[in-house]
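These protein sequences, in sequence, are chains P and V.
Positions 37 to 292 (this note's numbering) are the ones given, in order, by the first sequence.
Positions 37 to 292 (this note's numbering) are the ones given, in order, by the second sequence.
2 protein chains.
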Amino acid sequence: MSDSPTILICNDDSVDAPGLRCLIESVSGLGHIIAVAPSTPQSGKSSAITVDKPLRIARRPDIGQAEVYAVNGTPVDCVKLAMHTVLSGKKVAAVLSGINHGSNAGNCVIYSGTMGAAFEACMLGIPAIGFSLLHHSWEADFSQCGHFVRSITKAVIDKGLPKGICLNVNIPARCIPNGVKVVKAGEGYWTEEYVDYIDPQGRPFYLLTGRYIDTNPESDQTDSYWLDRNYVTVVPVRPDPTATDCLEAVGNIIGE
Amino acid sequence: MSDSPTILICNDDSVDAPGLRCLIESVSGLGHIIAVAPSTPQSGKSSAITVDKPLRIARRPDIGQAEVYAVNGTPVDCVKLAMHTVLSGKKVAAVLSGINHGSNAGNCVIYSGTMGAAFEACMLGIPAIGFSLLHHSWEADFSQCGHFVRSITKAVIDKGLPKGICLNVNIPARCIPNGVKVVKAGEGYWTEEYVDYIDPQGRPFYLLTGRYIDTNPESDQTDSYWLDRNYVTVVPVRPDPTATDCLEAVGNIIGE
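If you want it as C-alpha cells, here you go:
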C-alpha cells in the first residue's frame, strides 16, 4: 500500500456517523485511507475554526481498512489538524467529506460543515469532494451511494480538478438515481426559521427550523431541480467568494 | 425617525466590542439603527448556525441612538433571530457587520463571522457590508474608520448593490488611508497552523496560530496588495460559491 495514494476522509456528523463508514467503504481499495472526523456532531458549522480552546486528536478503532481519528473540533479543524499531525509531510491525493446525513443542495452549501472541510482542502491545493445524501436519519439507507461516490472520486483522483475548485455532490434518497448532472447551486432562502417557546420562568427562547424557498424552481440548471428528478448532482464550487464580474459595477457604486 | 431607513448592525466580536460602537457611531443619522450582536466573542465562526440549542435574545443598554440586543449564538444566528423578532415584518435598508477587530482580507473571508453575517443578509436580499480593521487589539484606534464606513454605507443605501453580491471592506490600521480600491480577494493559504503542547498528564494538545502565505503578492488586483499600501479595500463577494465557469470542465472530468 505504500505507493497507493493517500485519501483523507472527514465529515461533520461525527466519527460515529454511518455516513462516514459508507464513504470509507465506497472508496475502499482506491488508496490508503485516513479518516479524521469530529468527536461530536458539527452540523451547520460551515467553515468555522476553533480559535480559543485546546484541540486534541485521538486514535479510534479502524473502520474497514481506514485508520480513524477523532478531533474535538469542527470539520475544518479536522482537516487542519490532520495535515499538522497524522498527515504531516505526506502528499494527499484527495480529501473526501461526508457522506452527510441530509441535503447540502441550494444555499445549504454555505452552512455546511461537510463542505467546510472540502473548501479547506481545496484552499490547500488538494482535490476535494463533499458528499451528501438527501436523508437526515441516522438509519438512512446509504447503499445506493457507493457506485456514484466511487466513480466520482476515481475520476477526480485520476484527472484532478480545475485550480481553486472543489465539488459539492448531492445524492437523492428515494431510489437508485437516474444518472449524474453537473449544475449550479439552486437559488433560494429560508423562511419561518424558528419555533418560539416560553421557558418555565416565562422567558422566550427559539429553536431553529425553517422552510426552504426555491426562488427559481423552473430552471433546469440547478441541483434542486435535478435532485427532485432523482439525479445525483455535482456543483463545482470555489472557496474564494470574489465576484470578479462585479468589480466595475461596485467601483461605480462606491465612487472609487 | 419613522420614515428613515432601518439599519441592522451585527458583528462577531460580541456586543461589548469597541468595533461595534464605532460602527454605530460611524453611521449615526443615516437611519434607525438596531444592533443585534453575539453575547460572547464568535471569531472564526464563518456562516455557522446553531442547530441544536435554545437561542435567546436580550435587550442591552442603548449605544448612542442604537437599540442594542445580545444573542447567545453565532453572527448568522444574530441576523436570523433579528429578522424573526425585533425586525419581524420591517423592511431593512442595510445590514452592516463589524467593525471587526482584525483583518478579513485574503482567504480569511471564508472563516470570518463578520462576513458570515453579511452573507446571510445578502441571501435575504438585503444590501450588506462587512467592515474590518487590520488590528486585533481591543484597544485598537478606530478613529480613521468613520469617514470610510459612513461614505461606503451611504453609497450602498442610496444606490443598492448588484443582486446576490455583498461587500467585504478592510481598513488599514497604520495611518489615515490613501483612498479606496475595489479589488479581488488575495490568494493565499495558512501554514504552521498550530503550536504543540503537552498537558500535565502527558497528552498532546494544539492551539491554532498560523502564518499566512500570499501566493500572488505581486498582483496589484488584490486586497492584500492595496492594504499593504495603506488603501481601504472593497471586495465584492457572492455567497453562492458555484463556479459557473467550470461546469463544462467538471462535466468532462466526471464523465456526466
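Glycine included, every Cβ here is placed at the ideal spot set by N, Cα and C.
Got a sec? Which residues, its chain only, sit under 6 angstroms from residue 126 of chain V by beta carbon, not counting five neighbours each side? 42
How is the alpha helix (DSSP H) around residue 87 of chain V delimited, first residue to last? Counting along the chain, residue 87 of chain V falls outside any alpha helix (DSSP H), and DSSP gives it neither H nor E.
Of the listed residues V:167, V:200 and V:142, nearest to residue 257 of chain V (C-alpha basis): V:142
Taking contact to mean at least 3 C-beta pairs separated by less than 8 angstroms, is the segment 129-145 of chain P in contact with the segment 155-170 of chain P? yes
For the structure I just gave you, are there three or more beta carbon pairs, one from the segment 216-225 of chain V and one from the segment 250-266 of chain V, closer than 8 angstroms? yes
Taking 9 angstroms as the CB-CB cut-off, is residue 63 of chain V touching chain P? no
In the structure shown, what three-state DSSP assignment does residue 235 of chain P receive? coil
Contact between the segment 230-244 of chain P and the segment 182-195 of chain P is defined here as three or more beta-carbon pairs at a separation below 8 angstroms; is this criterion met? Touching, no.
Which of helix, strand or coil does DSSP assign to residue 292 of chain V? coil
Within 10 Å of its beta-carbon, does residue 214 of chain P have 16 or more other beta-carbons around it, so buried, or fewer, so exposed? exposed
Any contact between the segment 112-127 of chain V and the segment 68-84 of chain V? By contact I mean 3 or more CB pairs, one from each, below 8 angstroms. yes
Taking the alpha-carbon positions, what's the residue 140 of chain V to residue 55 of chain P distance? Approximately 34 angstroms, taken between the alpha carbons.
Please report the distance separating the alpha-carbon of residue 79 of chain P from that of residue 88 of chain V. Those two C-alpha atoms are separated by around 9 angstroms.
Please determine, among P:234, P:265 and P:48, the residue with the shortest C-alpha to C-alpha distance to residue 112 of chain P. P:48
In chain V, which residues lie less than 9 angstroms from residue 40 of chain P when you measure between Cβ atoms? By Cβ distance, chain V contributes nothing, its closest Cβ being about 21 angstroms from residue 40 of chain P, past 9 angstroms.
Cut-off 6 angstroms between Cβ atoms - residues of its own chain near residue 269 of chain V, not counting five sequence neighbours on either side: 206, 217, 219, 259, 262 and 263
Would you call residue 81 of chain V buried or exposed, if buried means 16 or more other Cβ atoms sit within 10 Å of its Cβ? buried
Note down, one range per segment and in chain order, each beta strand (DSSP E) of at least 3 residues found wholly within the segment 160-222 of chain P. Restricted to the segment 160-222 of chain P, the beta strand (DSSP E) segments that are unbroken, complete and at least 3 residues in length are 164-169, 202-207 and 216-218, listed in chain order.
Given a threshold of 16 other Cβ atoms within 10 Å of its Cβ, counted over all protein chains shown, does residue 150 of chain P qualify as buried or as exposed? buried
Does any C-beta atom of chain V lie closer than 9 angstroms to the C-beta of residue 37 of chain P? Its pLDDT being 46, under 50, residue 37 of chain P is placed unreliably by the model, and the measurement read from it follows with that caveat. By this cut-off, residue 37 of chain P is not an interface position.
Residue 134 of chain P vs residue 170 of chain P beta-carbon contact at 9 angstroms: no
Check whether the Cβ atoms of residue 189 of chain V and residue 66 of chain V sit closer than 9 angstroms, and answer yes or no. yes
Collapsed DSSP secondary structure at residue 17 of chain P in the structure displayed: Residue 17 of chain P lies beyond the residue range present for chain P, which begins at 37 and ends at 292; the question has no answer from this structure.
Taking the beta carbon of residue 208 of chain P as the centre, do at least 16 other beta carbons fall within 10 Å, making it buried, or is it exposed? buried
Can you tell me where the beta strand (DSSP E) with residue 98 of chain V in it begins and where it stops? 93-99
Min CB distance residue 72 of chain V to chain P below 9 angstroms: no
Any beta carbon of chain V sitting closer than 9 angstroms to that of residue 274 of chain P? At least one chain V Cβ lies under 9 angstroms of residue 274 of chain P.
Is residue 156 of chain V buried or exposed, if buried means 16 or more other CB atoms sit within 10 Å of its CB? buried
Listing by chain order, which chain V residues have their CB less than 8 angstroms from the CB of residue 86 of chain P? 80 and 244
For the alpha helix (DSSP H) holding residue 144 of chain P, just list the boundary residues, first then last. That residue, residue 144 of chain P, is in no alpha helix (DSSP H); it is neither H nor E in DSSP.
Take the Cβ of residue 37 of chain V as the centre, count every other Cβ of all protein chains shown within 10 Å, and call the residue buried at 16 or more, exposed below. Reliability of the predicted coordinates at residue 37 of chain V is poor, the pLDDT of 46 falling under 50, and no value is obtained from them.
Going straight from the alpha carbon of residue 194 of chain V to that of residue 68 of chain V, what length do you get? 15 angstroms
Return the chain-ordered list of same chain residues with a C-beta closer than 7 angstroms to the C-beta of residue 100 of chain V, the five sequence neighbours on each side being excluded. 60, 61 and 64
Distance check for residue 232 of chain V and residue 106 of chain P, CA to CA, integer angstroms please. 17 angstroms
Tell me whether the beta-carbon of residue 202 of chain P lies closer than 9 angstroms to the beta-carbon of residue 273 of chain P. Result yes, Cβ atoms of residue 202 of chain P and residue 273 of chain P sit closer than 9 angstroms.
Given residue 224 of chain P as reference, the closest of P:109, P:145, P:98 and P:110 once Cα atoms are compared: Nearest option by C-alpha distance: P:145.
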